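Chemist:
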Amino acid sequence: MDALVVLIPLMPLAGALAIGIGHLFGVISGEAGESRTADIAGWTIIMSSLLALTLLGADLLGKNAGFYKVGHWLNSDTLDIQINFITGGFNVWLAALFSILLAIVIQFSVNYMHREAGYHRFFFILSLFSSAILLLVLSGNVVGTFIGWEVAGLCSYFLIAYAYDRPVAAANATRVFITNRIGDAAFLLGAGLSYAWLGSVNWSNINAASAQFSPGEATAIALCFAVAAFAKSAQLPFTPWLARAMEGPTPSSAVFYGAVMVHAGVYLIILLRPVFEHAPLAMAVVAIVGLMTAVYGFVVGLTQTDVKSSLIFATSGQLGLMFLECGLGFWQLAGWHLCAHAVVRGYQFLTAPSLMHNVQGLRAEASRLDSAPLWVYVASLQRFWLDQVTDWALVKPVRGLAHDLSYFDDHVVDRIMGIPDPAIRTISSLAQLEERMVGARLDTDSDKFAHGSGLAGKLTEWMAAVLHWFEDRFVLRGVGKNAINYGRELGHIANKFEQSVLRPRYLVLFVFITLLVAF
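Just so we're aligned, residue 768 is where the sequence shown starts under this note's numbering, counting upward by one.
Written as structure tokens, this is what we have:
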């Protein structure tokens, strides 16, 4: 039964490919193709769910070996990257739960996204995400998990920017994407340290050898993966990206930020439980960050006035509690909390539109922070200025550094290399023509643009002058006149010459001449 694990992420991937290729070649398009797209996405994820449930049942009956190896992907010196999967324990439970939730969201989206301009694009991305998240939770090594981690983040970016013609959606998607790259860098660093100190990238080997790590090594690896988990699950100081992600359609919000993807960070911490247990400092950091995020989500959530924002800060607070549970060593409680929260929060996001419809016209309840000190109320309304602090601490310095580097390049590097400003400004011949057409003259003698001394210099000057004359008279000034006709005539002449050369008698002559030269 272990071999079934390979098909679980492959089924939605096949659905994504079918939708993408069908839409690319026009087989699936428009409103008429909606039912076909929905059927492909729905049936592939349903099949994946049934396979995951079958694998879970086999695991409960003790039929699974716990791991399944497909083969080797890459061998280089001591680096051995396998294609392997985990077929038992918490991973299979999570794969079964996530596949069921994904199937529900896809069925909900069929009518919700009806007649949307990006209907087929939405289901393509959602199917691709389903494959990525299932690969993430089932992969038996760091590389496979990271591939799922990255593809899921990319799908998140595409769905936040679903309405890409809206500047706010595009800007928020870009900011979320860049924020998550910080966590990805920490993930890669943790993977590199694991390989450097252990010589393996398999999760089982890393966890089994955790007792052999020194406290410093275990702490370094744990902290790297903890930062990756903080970014993925929107823990402080990365929390603001979660509110920006609400620009996407409601089904994508439900599956990404309510039911599935935001729990990937918690899953990563639980997966590396043995490593964290040998790194008390890392567990303390996880607990402190989780507690601070839970308090932050609770306080800010009290002053939100729209459904999605309230749900998203409630999600952030619950994720913080899961990290707190992991940091305190309540691993089983964190696992159950993750599963229960995924179900409840996914349901709440899916019912948010109907809730807004049902409460339409009712008077909004006053904020529950009315009795709190004024500074707490104002800070909650402003979400504790985390975005502004991030801009001041990171964005502004990076922008200033880019400005300084550009100034250094323009005023130092270019002068050292001997590239004058006029040459840079007039390097384009088309730009020169445009300037001449509007009456601008950058020099007094446009034809004498190159001067040389000696025989080599004069030859170079003469060739440059000829090429300049040809470009200026024939190419630039000929466009729109007879240049195209001249080009066509030259092409016809070249074709006739080629046909003549390729006649049998000429070919025999060429072969004969070649043999004479060779001998």
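Note that CB positions come from ideal geometry on N, CA and C, so glycine has one too. Since we're looking at a predicted model, the values are computed, not measured.
1) Looking only at DSSP bridge pairs, what is isoleucine 988 linked to?
2) Curious, which full-length alpha helix (DSSP H) runs of at least 4 residues does the segment 880 to 930 contain?
3) Within its chain, find whatever has a CB closer than 6 Å to the CB of proline 1007; leave out the 5 residues flanking it on each side and keep chain order.
4) I'd like the span of the beta strand (DSSP E) that includes serine 843, first residue to last.
5) Which word fits arginine 882, buried or exposed, when buried means at least 16 other C-beta atoms lie within 10 angstroms of its C-beta?
6) On the three-pair Cβ rule with 8 Å, is the segment 1064 to 1076 touching the segment 1033 to 1046?
7) Does DSSP put aspartate 1002 in a helix, a strand or coil?
8) Any idea if phenylalanine 980 is buried or exposed, counting beta-carbon neighbours within 10 angstroms, 16 or more meaning buried?
9) For threonine 1017, which option in Val1180, Phe889 and Glu1092 has the closest C-alpha, if you only look at C-alpha atoms?
10) Relative to the alpha-carbon of aspartate 769, which residue among Ala998, Ala781, Gly907 and Gly1025 has its alpha-carbon at the smallest distance?
11) What whole-angstrom Cβ distance do tryptophan 1057 and leucine 1100 have, given they're in contact under 8 Å?
12) For alanine 785, which residues of its own chain have a beta-carbon under 6 Å away from its beta-carbon, when the five flanking residues on both sides are left out?
13) Look at the alpha carbon of glycine 833 and the alpha carbon of serine 971, and state the distance between them as a whole number of angstroms.
14) Would methionine 1028 pass as a contact of serine 923 if the rule is Cβ separation under 9 Å?
15) Thinking just about the alpha-carbon of each residue, which of Leu895, Gly797, Cys991 and Ser967 is nearest to the one in alanine 952?
16) Roughly how many whole angstroms lie between the Cα atoms of glutamate 1256 and asparagine 1262?
17) Are the Cβ atoms of glutamate 984 and leucine 960 separated by less than 9 Å?
18) What's the C-alpha gap between valine 859 and alanine 958?
19) What is the rounded straight-line gap between the Cα of methionine 880 and the Cα of histidine 887?
20) At least one CB of chain C closer than 9 Å to the CB of valine 904: is that the case?
21) Going by other Cβ atoms of all chains shown within 10 Å of its Cβ, with 16 needed for buried, is alanine 1133 buried or exposed?
22) From histidine 1235 to phenylalanine 1175, what does the alpha carbon distance come to, in whole angstroms?
23) Between alanine 998 and phenylalanine 1005, how many whole angstroms is the CB-CB distance? I'm expecting something under 8 Å.
24) Alpha carbon to alpha carbon, how far is glycine 1258 from leucine 780? Give it in angstroms, no decimals.
25) Let me make sure I understand the geometry here. Which of Gly789, Leu965 and Gly1084 has the alpha-carbon closest to that of alanine 976?
26) Could you pull the start and end residues of the alpha helix (DSSP H) that phenylalanine 1288 belongs to?
27) Between the C-alpha atoms of serine 802 and tryptophan 810, what's the straight-line distance to the nearest angstrom?
28) Tell me isoleucine 850's beta-bridge partners as DSSP assigns them.
29) Buried or exposed: leucine 1172, going by 16 or more other Cβ atoms within 10 Å of its Cβ?
30) Taking alanine 995 and leucine 1035 to be in contact with their CB atoms under 8 Å, please state how far apart those CB atoms are, rounded to whole angstroms.
31) Enumerate in chain order the residues of its own chain whose CB-to-CB distance from glutamate 1092 is below 6 Å, with the five nearest sequence positions on each side excluded.
32) What does a CB cutoff of less than 6 Å around leucine 774 pick up in its chain, not counting 5 residues either side in sequence?
33) Among the residues of its own chain, which have a CB less than 7 Å from the CB of leucine 1038, if the five just before and after it don't count?
34) Looking at the unbroken alpha helix (DSSP H) that takes in proline 1041, where does it start and where does it end?
35) If we count Cβ pairs, one from each stretch, closer than 8 Å, do we get three or more for the segment 787 to 799 versus the segment 829 to 847?
36) Taking only three categories from DSSP, how would you classify methionine 768?
Modeler: Reading from the atomic positions:
1) Its beta-bridge partners do not exist; DSSP assigns none.
2) 886 to 905 and 909 to 927
3) Leu1153 and Asp1154
4) 834 to 843
5) exposed
6) no
7) According to the sequence displayed, residue 1002 carries glutamine and not aspartate. Reduced to three states, the DSSP call for glutamine 1002 is coil.
8) buried
9) Phe889
10) Gly907
11) Per the sequence shown, the amino acid found at residue 1057 is glycine instead of tryptophan. Actually they do not touch by this definition, with Cβ atoms about 13 Å apart.
12) Ile807
13) 10 Å
14) yes
15) Cys991
16) 10 Å
17) yes
18) 23 Å
19) 10 Å
20) Judged by its chain identifiers, the structure shown contains no chain C, having just a single protein chain.
21) With a pLDDT of 47 at alanine 1133, under the threshold of 50, the predicted position of this residue should be treated as unreliable, and no value is reported.
22) 33 Å
23) 5 Å
24) 47 Å
25) Leu965
26) For residue 1288 there is no data in the structure shown, the boundaries of the chain being 768 and 1286.
27) 12 Å
28) Gly838
29) exposed
30) 7 Å
31) Leu1100 and Ala1101
32) Leu818
33) Trp970
34) 1040 to 1044
35) no
36) coil
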